[in-house]
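First to last, the sequence lines map onto chains A and B.
In terms of the numbering used here, the first sequence has 45 at position 40, counting the first letter as 1, and numbering is strictly consecutive.
In terms of the numbering used here, the second sequence has 41 at position 36, counting the first letter as 1, and numbering is strictly consecutive.
By construction, the Cβ of each residue, glycine as well, lies at the ideal position given by its N, Cα and C atoms.
Data block below; observations after.
Number of protein chains: 2
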Amino acid sequence: MIAVSLLEEYGGIIKNYKSGDFIFEEGNRPLHYYQIISGEVKMNNYNDEGKEFIQGIFYKNQCFGEPPLFIDQMYPANAVAVIDSEIIIITKDKFLDLLKNNSEISLKIIKNLSQRLYYKSVMAAEISSQDPEHRVLRLIDYSIEQLNFKKEEAGFLINFTRQQIGDLTGLRVETVIRAIKSLEKKGDLKIINRKVYR
Amino acid sequence: MIAVSLLEEYGGIIKNYKSGDFIFEEGNRPLHYYQIISGEVKMNNYNDEGKEFIQGIFYKNQCFGEPPLFIDQMYPANAVAVIDSEIIIITKDKFLDLLKNNSEISLKIIKNLSQRLYYKSVMAAEISSQDPEHRVLRLIDYSIEQLNFKKEEAGFLINFTRQQIGDLTGLRVETVIRAIKSLEKKGDLKIINRKVYR
DNA sequence: TCCATTTTATGACTTAAATCATGAAAAACT
DNA sequence: AGTTTTTCATGATTTAAGTCATAAAATGGA
């Protein structure tokens, strides 16, 4: 998103997180801008019964957690490192200064937020009113479009576990497993030693 | 959002829509910026079985449908007038010019998108993994916070039909009716001749 | 290399919400 | 005012996804 050199000019510091570390937690007050240098971060919630819902998964060069920063609300979800990750962090004040002094960044932020809102809109409609197979397939197609899934001979390798797909679509693992099997039978995707291709 | 006078400087024209009229449809290419002068607009999808999902409801002074405009994607949902409405419209090009020449507007847009993303995040987690009563109550509380629901002696009047609540939460009308009844029994809200107060 | 954990898998069963049916009350047209 | 449509309401039934149990394969640490 924003050039690391520019972030460093505004006091950016790089922090290391181990797999599973929380970067911030639901209910915290937003005080920083976060951008991934390397690694992978998920934003998630846990409901009353402890079931996880993954809001999104973020990769290299992506930022996360800005919306609450702009509207002065508490974080609606946790941010957790999925693998060991390096994250560059600047304070809210410096970030707003940076925006003010670099008007072309605003458009970048707008586009980024728009992209995420688009994803949420598509998935909201899916989650609320489509059958499991439809939901899984939509998530897969959207992820191919937006994430850096590798194209191999068999198709795009879907780099999610069944559990992650469940947590992203609000389905249980078993249901995801059954949906994927059924989608394979219909020829909508391939399973080659447990990995899913589309 | 944006001053009407400023929109008019950039060629804004006011269009009238009757209740039920489509302003744009899912799959259309985004070519304009829309802002409500008066009336009420919903954005919705229909799934394969014809069930409606309401992405959001927008009121006076609010804009809608910008995300796809910024990222050059087709509209992911329809926009429909819920009651007779006046909408001011400017072309995409003029809108981008306006943004370029009025940098303070960018921050407004960012805040607006952030607010909507925040709503989507909260509701996504709710819809995917909470029981109906929880979902209904969350929608109601969020709507009180964000929309202009009137405070009366009995509490805030929830200005939604049961059907609308269902379409916003992905539940069926009957389920919403039962959830609301149950919530009333628990004392979480009041029903006074069919109207819901919180 | 070995052991613990995670991931994928499948069958049996349970359950909560959807569906279906029906009707009264209220709202919106004509 | 009268008629149509929408909204709210409730009971009975169905069903799809969740839950539970169990296990093999793969992965990841120690």
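The three-state secondary structure of ALA159(A), taken from DSSP, is coil. Shown here is that no member of the segment 18-48 of chain A has a Cβ falling below 7 angstroms from a Cβ of chain B. Contact annotation for ALA8(B) against chain A: no contact, minimum CB-CB distance about 19 angstroms [criterion: below 8 angstroms]. The beta carbon of VAL178(A) sits closer than 6 angstroms to the beta carbons of ARG167, GLN168, GLY171 from its chain, once the five residues preceding and following it are set aside; these are given in chain order. Taking CB atoms only, MET128(A) has a neighbour in chain B less than 8 angstroms away.
Across the set ASP193(B), ASN21(B), ILE92(B), TYR22(B), the C-alpha of ASP193(B) shows the shortest separation from the C-alpha of HIS139(B). Taking C-beta atoms under 8 angstroms as the contact rule, ILE62(A) and ILE115(B) fail to qualify, at a distance of about 23 angstroms.
Listed in chain order, the positions of the segment 142-172 of chain B with a beta carbon within less than 7 angstroms of a beta carbon of chain A would be empty, since no residue qualifies. By the Cβ test, the segment 49-65 of chain A is in contact with the segment 127-141 of chain B, since at least three Cβ pairs between them sit closer than 8 angstroms.
Under the criterion of beta carbons closer than 8 angstroms, ALA8(A) and VAL46(A) do not qualify as touching, at roughly 19 angstroms. For the segment 79-103 of chain B, the set of residues with a beta-carbon nearer than 8 angstroms to any beta-carbon of chain A comprises PRO81, ALA82, in chain order. The straight-line gap separating the alpha-carbon atoms of GLY25(A) and TYR147(A) is approximately 25 angstroms. Per DSSP, reduced to three states, the secondary structure at GLN151(A) is helical.
If you look at SER134(B), you'll find it in the alpha helix (DSSP H) that goes 108-134. As far as DSSP is concerned, ALA8(B) takes part in no beta bridge.
At a C-beta separation below 8 angstroms, LYS125(B) has these neighbours in chain A: LEU122, LYS125, SER126, ALA129.
DSSP links GLU189(B) through a beta bridge to no other residue. Going by beta carbons, ILE93(A) and LEU176(A) fall outside the 8 angstroms limit. Straight through space, the alpha carbons of VAL201(B) and SER187(B) are spaced by roughly 12 angstroms. Not a single CB atom of chain B sits nearer than 8 angstroms to the CB of SER187(A). A direct Cα-to-Cα measurement between VAL127(A) and TYR123(B) gives close to 15 angstroms.
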